[in-house]
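Participant: The structure's right below; bear with me while I get my questions together.
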Amino acid sequence: NGLEDTAIALAIRPSSSDPSETFTITLKEIPVGAVLTYNGMPVVVTSGTATILNFDSTKPLTITPPSNSNNDFTLKVTAVSVDTLNIDGTVVSTTTSDVSPELLITVAVKGVADPTVQTNGHYVDVAESASFTEADADAPANIVNGFGSVELKNIILGATLTDTDNSESLTIKVSGLAADFSISGATPIVSGTGTERVWLLTPTQLANAKVLLPINFSGTVSAQVAAVTAENDGDTWSLSVGPTQVAAHRQ
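For reference, each letter of the sequence shown is one residue, going -4 to 246 in our numbering.
Shown next as structure tokens:
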């Protein structure tokens, strides 16, 4: 067992009562993109199969799963013993045994949540200057539950996953919003009345969410924004981009 994007040790120990024998092992069903390493050197993999001559179980053998993948996989391993007759430095004969029964090795890979792609130096892309007029925020079409509103997607522009194998999900976390302000269309995960409140938004929610402002508000409000990635087997990663400001002014 091991972590995504790291070398995982494989325990293969063929044995013989004859100390003069060596072993050739063959590994099959190696996933596309995986890297097999023996004694510190990469092993050539062809169509998911690799063969190692003169295999020595005391030397390290590892496999690194395909990049960003946390999918478990099973290797099929066989071995043959090779008995070489050597007289005065000359190989006289070589005898190989029958292929051993197939050994199945299941490699369990634990996901590691990756940072999002950086945009303009941030893990969440935010507007450099998000500014709206009071008239726009308080327009009849933008009134929500007695509040004026602005579209959140014009302030938080989004984030992009590094991991593209569909094992990770992305959400945006918003916190630190002052008591007179709120967010509609997001999932509240910490309730309250002031800056202790926290909301999560999926990319779909972000496309429709709004920041709710008091009617006739003119000024600046700030909030903390973070990207959160989560692997489908539990690991998470999160990093804040710092305070993000929204300014509304009279016009």
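Just so it is clear, CB atoms sit at the ideal spot from N, CA and C, and this is done for glycine as well.
Note down the Cα distance separating V40 from I58, rounded to an integer number of angstroms.
Facilitator: Between V40 and I58, the C-alpha separation is close to 11 angstroms.
Participant: Pull up the distance between the alpha-carbon of L156 and that of V107, whole angstroms please.
Facilitator: Their backbone Cα atoms lie some 13 angstroms apart in a straight line.
Participant: Could you compute how far the alpha carbon of D51 sits from the alpha carbon of A154?
Facilitator: 47 angstroms
Participant: Along the chain, where does the alpha helix (DSSP H) that runs through T111 open and close?
Facilitator: Run containing T111: none; DSSP gives neither H nor E here.
Participant: Under the rule that 16 or more other beta-carbon atoms within 10 Å means buried, what is A45, buried or exposed?
Facilitator: buried
Participant: Applying the criterion that 16 or more other CB atoms from any shown protein chain within 10 Å of the CB defines a buried residue, is P96 buried or exposed?
Facilitator: Counting the other CB atoms within 10 Å of its CB gives P96 a total below 16, which places it among the exposed residues.
Participant: Starting from E146, trace the beta strand (DSSP E) both ways and give me its first and last residue.
Facilitator: G143 to E146
Participant: In its own chain, which residues sit with a C-beta less than 6 angstroms from the C-beta of V193, not counting the 5 before and 5 after it?
Facilitator: S170, I184 and V185
Participant: Out of F68, T1 and E226, which one is the CA nearest neighbour of T27?
Facilitator: One detail in the question is off: residue 27 reads as Val in this sequence, not Thr. The shortest CA-to-CA distance from V27 to any of F68, T1 and E226 is the one to F68.
Participant: For L172, which option in T159, G187, L165 and N161 has the closest C-alpha, if you only look at C-alpha atoms?
Facilitator: G187
Participant: Quick one: measure Cβ to Cβ for I167 and V236, integer angstroms, because I've assumed they're closer than 8 angstroms.
Facilitator: No, I167 and V236 are not in contact; Cβ-Cβ is about 10 angstroms, not under 8 angstroms.
Participant: Do you know whose CA, among L70, G143 and A181, lies nearest N211's CA?
Facilitator: G143
Participant: Which full runs of the alpha helix (DSSP H) of 4+ residues lie inside the segment 167 to 204, going along the chain?
Facilitator: Listed in chain order, they are 198 to 201.
Participant: Identify whether Q240 lies in helix, strand or coil by the three-state DSSP scheme.
Facilitator: strand
Participant: From what residue to what residue does the beta strand (DSSP E) around E129 run?
Facilitator: The continuous stretches of beta strand (DSSP E) do not include E129, which lies in the alpha helix (DSSP H) extending over residues E129 to A132.
Participant: Take V220 as the anchor and find which of A242, I150 and E16 has the nearest alpha-carbon.
Facilitator: Ranked by Cα distance from V220, the options A242, I150 and E16 are led by I150.
Participant: Any idea which residues DSSP pairs D93 with across the strands?
Facilitator: Paired residue(s): none; D93 is not in a bridge.
Participant: Taking DSSP as the reference, what is the three-state secondary structure of Q246?
Facilitator: Any reading at Q246 must be qualified, since the residue scores a pLDDT of 48, below 50, and its modelled position is unreliable; no value is offered.
Participant: Which partner residues of E226 appear in the DSSP bridge assignment?
Facilitator: E163
Participant: Using the Cβ count rule (16 or more neighbours within 10 Å means buried), how would you classify E226?
Facilitator: buried
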